[in-house]
Amino acid sequence: MAPTRGTHRSSGSGVRPAASIGIGAAAGVTAAVGLLFGRKAATISKVGKGHPLKHRLLDLAAGAAQTKYPVDAMSTYLNGFHMYADDMGRQVEATHFCIHLRHDLHQCVIFDRNAPDARLIGIEYIISEERFRGLPEDEKRLWHSHHYEVKSGSLTAPGIPDLAEHAYFEDLVATYGKTFHTWQYDRDDFPYGIPQLMMGFTDDGQASDEMIRARDERLGISTSGNRQKRADIPMPEVAPGANAWESGRTVQTRIEEVDFKR
391 MAPTRGTHRS SGSGVRPAAS IGIGAAAGVT AAVGLLFGRK AATISKVGKG
441 HPLKHRLLDL AAGAAQTKYP VDAMSTYLNG FHMYADDMGR QVEATHFCIH
491 LRHDLHQCVI FDRNAPDARL IGIEYIISEE RFRGLPEDEK RLWHSHHYEV
541 KSGSLTAPGI PDLAEHAYFE DLVATYGKTF HTWQYDRDDF PYGIPQLMMG
591 FTDDGQASDE MIRARDERLG ISTSGNRQKR ADIPMPEVAP GANAWESGRT
641 VQTRIEEVDF KR
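Numbering (the working numbering) for the sequence shown: 391 to 652.
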């Protein structure tokens, strides 16, 4: 008698569903790909929960075969905090991965944390003080200084040796950043809405102590220790026009309906 449709006759006395065979074979393929691609496969396997196996295998193949020059060029991992430009009460942790594109320009992609399944939440451009001072006045309102973030120790580069980190922040202390968050993850578990302008903190007592403490414990770092280590870094004079919110008035992005141009 032929095997019942939808089943597979094993070499033993039992009969196993065909679906079980497919799952087993797929698991074997996944394991083989993992052995071939190593760390990349292990990382990709942690994301995309609920994705069909086909998509996972395609992700593994693409991850191993494709060259991603902009991603490979990201040389610096920074962790800090941002606030919404129009609301100091909305404060979020921001994990940056940056490329030193030119001598006076860094570009960073921002995630909510450093993990394989991290959410992409924004971008930041970082420029030199000289470049900032040459910007139009309206443009300056979009930028914040990094003097306090560096000197307070709240901005950190986890895992970098102390001497290298100190040298890096000696340069960064006088820079300026323009940041937009594309995912308001403090409110929604989905990237609703339009990009929001963000700012950095400029004095003690602004950032949540609980937020800083939780970050420090998770990453195994010390914000207060960073502050002490950077005490010898000179505090720069902040260029006029940065940190516009300090005046009591600020700017923020809004949706505006306009005529379509043909």
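Idealized CB from N, CA, C, for every residue including glycine.
Taking the alpha helix (DSSP H) that residue i falls in, what are its first and last residues?
i	result
M464	Note, M464: premise wrong, no alpha helix (DSSP H); not H, not E.
I550	No alpha helix (DSSP H) holds I550; DSSP gives it neither H nor E.
F522	519 to 523
E600	599 to 609
R617	613 to 619
D622	D622 -> no alpha helix (DSSP H), and no H or E assigned at all.
E655	Any answer about residue 655 is impossible in this case: the structure gives the chain only from 391 up to 652.
D530	It is worth fixing the name first, because residue 530 is Lys in this sequence and not Asp. 527 to 530 is the extent of the alpha helix (DSSP H) around K530.
Would you identify the three-state DSSP class for residue i, choosing helix, strand or coil?
i	result
D477	strand
Y566	strand
E514	strand
A484	strand
F427	Low confidence applies to F427: its pLDDT is 48, below 50, so where it sits in the model is not reliable, and the reading given next is rough at best. If DSSP states are grouped into helix, strand and coil, F427 belongs with the helices.
L545	coil
G638	coil
I413	Any reading at I413 is ruled out, since the residue's pLDDT is 45, under 50, leaving its predicted position unreliable.
H536	coil
N633	coil
F559	helix
Who are the near neighbours of residue i in its chain, counting only those whose CB is closer than 8 angstroms to its CB and skipping five residues on each side?
i	result
V540	F559, L562, V563, R620, I623
T485	Y467, L468, N469, I500, F501, D502, R503, N504, A508
Y582	Q574
P460	I489
Going by Cα to Cα distance, which pick from the options is closest to residue i?
i	options	result
H537	G512, D578, G567, M464	G567
E520	G512, Q586, T613, A629	A629
A463	A451, C488, G479	C488
A475	K651, Q642, E647, G610	Q642
R577	R617, P626, G479	G479
D552	H493, R617, W533	R617
Identify, in the order they occur along the chain, each residue of the same chain with its Cβ nearer than 7 angstroms to the Cβ of residue i, setting aside the five sequence neighbours on each side.
i	result
A597	F471, Q481, S544, F591
S637	none
E377	It is not possible to answer for residue 377, since the shown part of the chain is limited to 391 through 652.
E527	G631
R523	A629
L491	Q497
W635	A475, M589
N633	H534, S535, M589, T592
G606	Here residue 606 is Asp; the residue named in the question, Gly, does not match the sequence. Correct list, in chain order: S612, T613.
Among the residues of its own chain, which have a CB less than 6 angstroms from the CB of residue i, if the five just before and after it don't count?
i	result
L495	I517
S542	R617
Tell me, to the nearest whole angstrom, how far the beta carbon of residue i is from that of residue j; I am working on the premise that it is less than 8 angstroms.
i	j	result
M473	M589	6 angstroms
I645	I550	Not confirmed; about 40 angstroms, so no contact.
T653	I511	Outside the displayed span of the chain (391 to 652) sits residue 653, for which this structure offers no information.
L525	L587	Contact flag wrong, Cβ pair sits at about 15 angstroms.
F580	I513	So it is not a contact: roughly 19 angstroms between Cβ atoms.
Taking residue i as part of the beta strand (DSSP E), name the residues at either end of that continuous run.
i	result
I500	495 to 501
M589	586 to 589
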